[in-house]
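J.: In this note's numbering, the protein residues as written are 1 to 176.
Would you mind keeping the following structure in view while I ask a few things?
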Ligand SMILES: [Zn+2]
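Below you can see the structure in the form of structure tokens.
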């Protein structure tokens, strides 16, 4: 999740009972794309074996449970392209790092730099579009702290020499 609290987070969705009802509400009108079939512009976005669920009623820009990346197309439409890519990569980060929001943010900007779809200006856009003025919650640090952290992560990453590098880290094993 980019913002929403734990009610719709990893723990909430994977738990028993009411979770099933919640998932079917989230899946209303949804389209499920096989791994590697989601595109932003010309770029194929992939995340190992995770499928992409285009879910119009999802309460946040995106979310993740094991093996699934949820995206809300109506909310994403309002964002610049590299910010949409950041959202996808953030949710992919959850496939690797579980519910850790800071790790998902860091994974997303590093991947963006390595794969050359995220410029420094793009990181500024992520901050402006998603984080500015956000108070944070139990799972998410306040927006200004998230922004500082992603600049540090971005600085730590090196662009790949190969333009077409697509990382595919999420195997069953890596989720455990
Ligand atoms: Zn998240």
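Built from N, CA and C at the ideal position, the CB exists for glycine as well.
Would you mind giving the Cβ-Cβ distance between residue 116 and residue 159, rounded to the nearest angstrom? I have them listed as a contact below 8 Å.
T.: About 6 Å; that satisfies the 8 Å criterion.
J.: Please classify residue 128: is it buried, with 16 or more other beta-carbons within 10 angstroms of its beta-carbon, or exposed?
T.: Exposed: under 16 other Cβ atoms inside 10 Å.
J.: Compute the Euclidean distance between the alpha carbons of residue 35 and residue 49, then round it to the nearest angstrom.
T.: Each residue's Cα considered, the two are about 5 Å apart.
J.: Are residue 80 and residue 125 close, meaning C-beta to C-beta below 7 Å?
T.: Yes, Cβ-Cβ distance for residue 80 and residue 125 is below 7 Å.
J.: If I'm right that residue 143 touches residue 161 with Cβ under 8 Å, what's the distance once you round it to whole angstroms?
T.: With 8 Å as the limit, residue 143 and residue 161 do not qualify as a contact, their Cβ atoms being about 34 Å apart.
J.: Can you give me the C-alpha to C-alpha distance between residue 30 and residue 109, rounded to a whole angstrom?
T.: Approximately 27 Å, taken between the alpha carbons.
J.: Assuming residue 140 and residue 82 make a contact with CB atoms under 8 Å, what is their CB distance in whole Å?
T.: Not a contact, Cβ separation roughly 20 Å.
J.: How is residue 61 classed by DSSP in three states: helix, strand or coil?
T.: Coil.
J.: Compare the C-alpha of residue 53 against each of 41, 134 and 32 and name the closest.
T.: Selected option, being the one with the closest Cα: 32.
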